[in-house]
Structures are given as structure tokens and as C-alpha cells.
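Q: Please see the structure below; I have some questions.
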Amino acid sequence: MPTLHPSALPYRLPLACGVTLALGLVVANVLADHFFAPWGILLTPVVAGGAVRLVAFTRPGYPLLQAALSAALIALHDCGIKLFGGGTHDTEGQGFVHVFLFFGLLVAFLVLVAAIDQQQASTRLVRRLAKFLFVALLMVHLALTANLGLGS
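Counting in the UniProt record's numbering, the sequence shown runs from 1 upward without gaps.
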């Protein structure tokens, strides 16, 4: 069976570069939602998956940090959409935002699981804790900011 040459393998960014690019992606989508509503909301699943992909597929070794940064980027994106998004902010709009956020969370979680499971250098317990941390942080975020921006 042929094997890939090491130079043909995908290059992994340093964590700081991945986070910076993901933050730029999140800010660009929030600005797009502000000026071209509802495109930012509609692109939420793509942006959430892309941001997590940029953070999670960086150089391995920090699954807990990668999970926490991924959750923080998604929370920042959600707050930005809710606070700076164009249009009226009523309960129907919040439901629309939450539906696309949950689609994005599903995509982001699958990307994170795929990335963390490839990191064989960390123990199985650390990889499981990273997945749990991602879900727990986003549950806390949604519990605290469920009605953020409503009526503004």
C-alpha cells in the first residue's frame, strides 16, 4: 500500500495563528450580519464549523485549551449576532438565531471530536474531558445568554 510523503501531509498551524484566523472569521461574520442581515445568521453553521476547525486542527497537545477556545469563539459569535445583528430582535428572531446556532453547534462538535480523537499523544481521559468541557461551557453560555439582545 502506498504511503504519503511527509510533505504531502496537511500542515498544522500554531495555536495562536489558528485562534487569530478563527477570531477574524467570527468578527467578519458578525459584521456581515450587522450590515447584510440575515446572512450572518444563515452562515452561522459554516462559521462555527470553520472557527472550530481552525482551532482544533492546530498543532496537537492542548485538547482542553482547544475545546475551551472553540467554545469561547462560538459564544463570542453568538453574543455578536444577538447584540449587533440587523433587524428587529423579538422572540421569533431569537428562535431563528438559536436554530442556526444549534446547527452550528452540531457541526462544531463533530469537527472538534474528529480533531481531538486524532491526538493520540493525550490520554483518553483528557480527550473525554475536552469534549465534556466544550459542551459544558456552551451549556453555561446558553443558560446565561438565552435572551441576550431581546427587544433591542
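Note that the Cβ used here is the ideal one computed from N, Cα and C, for glycine as well.
Within the same chain, show all residues whose beta-carbon is closer than 6 Å to that of leucine 148, passing over the 5 residues directly before and after it, in chain order.
A: Contacts found: Lys82.
Q: Contact check, aspartate 33 vs glycine 85 under 8 Å by CB: the rounded distance?
A: That belief holds up - the Cβ atoms of aspartate 33 and glycine 85 are roughly 5 Å apart, short of 8 Å.
Q: Return the residue from the list Val19, Ala71, Asn29 and Tyr62 that minimises the CA-CA distance to leucine 137.
A: Among Val19, Ala71, Asn29 and Tyr62, the Cα nearest to that of leucine 137 is on Ala71.
Q: Buried or exposed: leucine 106, going by 16 or more other Cβ atoms within 10 Å of its Cβ?
A: Exposed.
Q: Using the Cβ count rule (16 or more neighbours within 10 Å means buried), how would you classify alanine 121?
A: By the 10 Å Cβ count, alanine 121 comes out exposed.
Q: Alpha carbon to alpha carbon, what distance is there between glycine 24 and glutamine 66?
A: Going from the Cα of glutamine 66 to the Cα of glycine 24 covers about 17 Å.
Q: Determine the contact status of glycine 18 and valine 55, defining contact as a CB-CB distance below 7 Å.
A: Yes; because the gap between Cβ atoms is below 7 Å, this pair is in contact.
Q: Please tell me whether arginine 12 and arginine 59 are closer than 7 Å, where the distance is taken between their beta carbons.
A: Yes. Within cutoff.
Q: Going straight from the alpha carbon of threonine 88 to that of alanine 37, what length do you get?
A: Whole-angstrom Cα-Cα distance: 10 Å.
Q: By how many angstroms is the C-alpha of leucine 21 removed from the C-alpha of leucine 73?
A: Going from the Cα of leucine 73 to the Cα of leucine 21 covers about 11 Å.
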